[in-house]
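Per the working numbering: the sequence shown = residues 151 to 277.
We put the beta carbon where it would ideally sit given N, CA and C, even for glycine.
Since the structure comes first, as structure tokens, the remarks are kept for the end.
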Amino acid sequence: MSLQDQVKVHNETGGSTFTMDSRHNLAGVAFFSVVINSRLTKEVKGAIISDDDLIEVQHNWLTDKTPVPKYYFSIPALGTWYDTDTDTSYIEVASLFGDLNAAFKAGRANGQKAIYDLLVGEVIFID
151 MSLQDQVKVH
161 NETGGSTFTM
171 DSRHNLAGVA
181 FFSVVINSRL
191 TKEVKGAIIS
201 DDDLIEVQHN
211 WLTDKTPVPK
221 YYFSIPALGT
231 WYDTDTDTSY
241 IEVASLFGDL
251 NAAFKAGRAN
261 GQKAIYDLLV
271 GEVIFID
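Take a look at the structure:
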């Protein structure tokens, strides 16, 4: 798959999560996605994103010199989602976890309000 495939999935469905290295679509895969560095999040007004938006976030992640966030996992992913309440699309760097408790722990450690279950396609709020 390609960068353009991820853009297409987001623009058609309102969200996407792909691995950064192989551009594998992770929808339906048994992983939990956790944003590990909100500083790298890009906000795009509206429901439509572009190739350039994804390239910018990935480039910023690759060149970021800050210390690795807590509980960083070795499979980086690029996630997108559209917030209908604010008419804003978000593009974020995420880490993938196979274990729900580990995902919750990483989310809490990095100040997140929720994680995303890629297998069932649901947001899980962190209590």
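From the options, residue whose alpha carbon lies closest to that of residue i
i           : options            : result
residue 164 : 213, 237, 153      : 237
residue 186 : 271, 198, 263, 272 : 263
Status (buried if at least 16 other CB within 10 Å, exposed otherwise) for residue i
i           : result
residue 156 : buried
residue 170 : buried
residue 167 : buried
residue 271 : exposed
residue 178 : exposed
Distance, residue j Cα to residue i Cα
i           : j           : result
residue 180 : residue 260 : 22 angstroms
residue 266 : residue 231 : 11 angstroms
residue 214 : residue 227 : 15 angstroms
residue 153 : residue 241 : 13 angstroms
Close Cβ partners of residue i (< 7 angstroms) along its chain, the five nearest in sequence each way excluded
i           : result
residue 253 : 182, 184, 247, 265
**Item:** Inter-stretch contact at 8 angstroms, needing at least 3 Cβ pairs: the region 245-257 / the region 197-206
**Value:** no
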